[in-house]
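Here the structure is laid out as structure tokens; the discussion comes afterwards.
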Amino acid sequence: MHMPTRPFATALAVGMFAGLLGTVTPARTETPSPEAIVDAFEAVLGPIRTHRPSHAKGTCAAGYFAATPEGARLSVSPIFNGQRVPTIIRFGVGVGNPRGPDTGRTTRSLSIRFETQGGEIWDMANISAPIFGSPTPQALVDGLLARRPDPATGQPNPQAVTAFVAANPAATLQARWLAATLPSASWATTPYWGVNAFRFRGADGEVRHARWVFEPRAGTLRLTEEQMRTLPNDFLAEELRRRITEAPVEFDMVLQFPGTGDDVTNPTVAWPDDRPRAVVGRLTVTDVAPGPGGACDPISFMTLEQAPGVELSYDPTLQARAAAYAVSLSRRLQ
Numbered sequence: 001m002h003m004p005t006r007p008f009a010t011a012l013a014v015g016m017f018a019g020l021l022g023t024v025t026p027a028r029t030e031t032p033s034p035e036a037i038v039d040a041f042e043a044v045l046g047p048i049r050t051h052r053p054s055h056a057k058g059t060c061a062a063g064y065f066a067a068t069p070e071g072a073r074l075s076v077s078p079i080f081n082g083q084r085v086p087t088i089i090r091f092g093v094g095v096g097n098p099r100g101p102d103t104g105r106t107t108r109s110l111s112i113r114f115e116t117q118g119g120e121i122w123d124m125a126n127i128s129a130p131i132f133g134s135p136t137p138q139a140l141v142d143g144l145l146a147r148r149p150d151p152a153t154g155q156p157n158p159q160a161v162t163a164f165v166a167a168n169p170a171a172t173l174q175a176r177w178l179a180a181t182l183p184s185a186s187w188a189t190t191p192y193w194g195v196n197a198f199r200f201r202g203a204d205g206e207v208r209h210a211r212w213v214f215e216p217r218a219g220t221l222r223l224t225e226e227q228m229r230t231l232p233n234d235f236l237a238e239e240l241r242r243r244i245t246e247a248p249v250e251f252d253m254v255l256q257f258p259g260t261g262d263d264v265t266n267p268t269v270a271w272p273d274d275r276p277r278a279v280v281g282r283l284t285v286t287d288v289a290p291g292p293g294g295a296c297d298p299i300s301f302m303t304l305e306q307a308p309g310v311e312l313s314y315d316p317t318l319q320a321r322a323a324a325y326a327v328s329l330s331r332r333l334q
């Protein structure tokens, strides 16, 4: 969780059966309402009526996805049938202001809407960190409320922040990762993780837990400290537009499967790198919107399941996401 300042608070918002690998922790019953989750963001950022509360800054793009034979084996979803599936894409920056800088140590995001020829829709939201900033929706709300600015000072109460961190050590893990990792130099050279586990129903009828990551075919490239100080606030969109004029941008979608003892319900803990992996498809980005706005703007990326091929796990942060997105969207449409 990465919330030392109000812009960093948005980094928070930005992935069962016996015999399956992985440990299932029972979901909490004290889940805050979708309204309470959005209210907590607004307690830190103020009323949000014109933009998204998380990753408010973004650029629209388009392309297509094509599954590999391994993808078709591991999921019966039509998204993975091997045909080209058109996509609407949004690249984002983890700031609370649409005019915020691209150079901070915050997450980048890759949101995708898949739309098959048969009309099936599947949405996903991925971030440039392998873990989420909160283990549960209640911890997310509590962390945001602890960082509400005092009306007299405009700053959070240090004692409240200290007490929250002491009670929720898992909420510091993403912030530590971001502090130790330089931001990416391009949206095209960033790995994007789903962070939550999903259940993939394969052609063999077996259900497997998996997380995914979109790995850039161009490789991972990060900014230098000097570039963080000197690059303009809006360099990411322009860099991506220039890059697309030369060649499409590509990402491999890779599933990672848990080993014995890996928790499939806690997105603040990454699974070890030695876990089994499978390349299940390739995302190709072919077009970038020429300026602000575009096809991705009205999409909240709420259709998180493509059942029966891709189903939600019992991760409570995943279970709470779509309803909170809907509340946020409804307030922006008022």
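Just so we're aligned: 55 in UniProt numbering is position 55 of the sequence shown, and the numbers increase by one with no gaps anywhere.
Every residue gets a Cβ at the ideal spot worked out from N, C-alpha and C, and that includes glycine.
Identity of the residue in LEU283, THR286, VAL264 and ASP274 nearest GLN319 by Cα: It is VAL264.
Alpha helix (DSSP H) segment containing ILE127, residue limits: Unbroken run through ILE127 is the beta strand (DSSP E), 121-127; no alpha helix (DSSP H).
Please state whether DSSP places ALA237 in a helix, a strand or coil. The three-state secondary structure of ALA237, taken from DSSP, is helix.
Go ahead and pull the three-state DSSP assignment for TRP177. Three-state DSSP puts TRP177 in a helix.
Would you call the stretch 93-111 in contact with the stretch 71-82, where contact means no fewer than 3 C-beta pairs closer than 8 Å? Output reads no: the stretch 71-82 does not touch the stretch 93-111.
In three-state DSSP terms, what is TYR64? DSSP places TYR64 within a strand segment (E or B) once states are collapsed to three.
Element boundaries [alpha helix (DSSP H), containing SER328]: Counting along the chain, the alpha helix (DSSP H) containing SER328 begins and ends at 316-332.
Where PHE80 sits in the DSSP three-state scheme: Helix.
Measuring alpha carbon to alpha carbon, tell me which of GLY281, ARG282 and CYS296 ends up nearest VAL288. Of GLY281, ARG282 and CYS296, the residue nearest in Cα terms is CYS296.
In chain order, what residues of the same chain lie with their CB nearer than 6 Å to the CB of VAL327, ignoring the 5 residues before and after it? The residues are PRO34, GLU35 and VAL38.
Counted within 10 angstroms of its Cβ, other Cβ atoms place THR317 as buried (16 or more) or exposed: The residue in question, THR317, is buried, as its Cβ has 16 or more Cβ neighbours within 10 Å.
Considering only their Cβ atoms, is the gap separating PRO276 from PHE251 smaller than 7 Å? The Cβ atoms of PHE251 and PRO276 do not sit closer than 7 Å to each other.
Can you have a look at SER330 and say buried or exposed, based on whether 16 or more other CB atoms are within 10 angstroms of its CB? Residue environment: SER330 is assigned as exposed (fewer than 16 neighbouring CB atoms within 10 Å of its CB, all protein chains considered).
Which residue from TRP271, ARG49, PRO130 and ARG241 puts its Cα closest to that of THR181? Closest by alpha carbon: PRO130.
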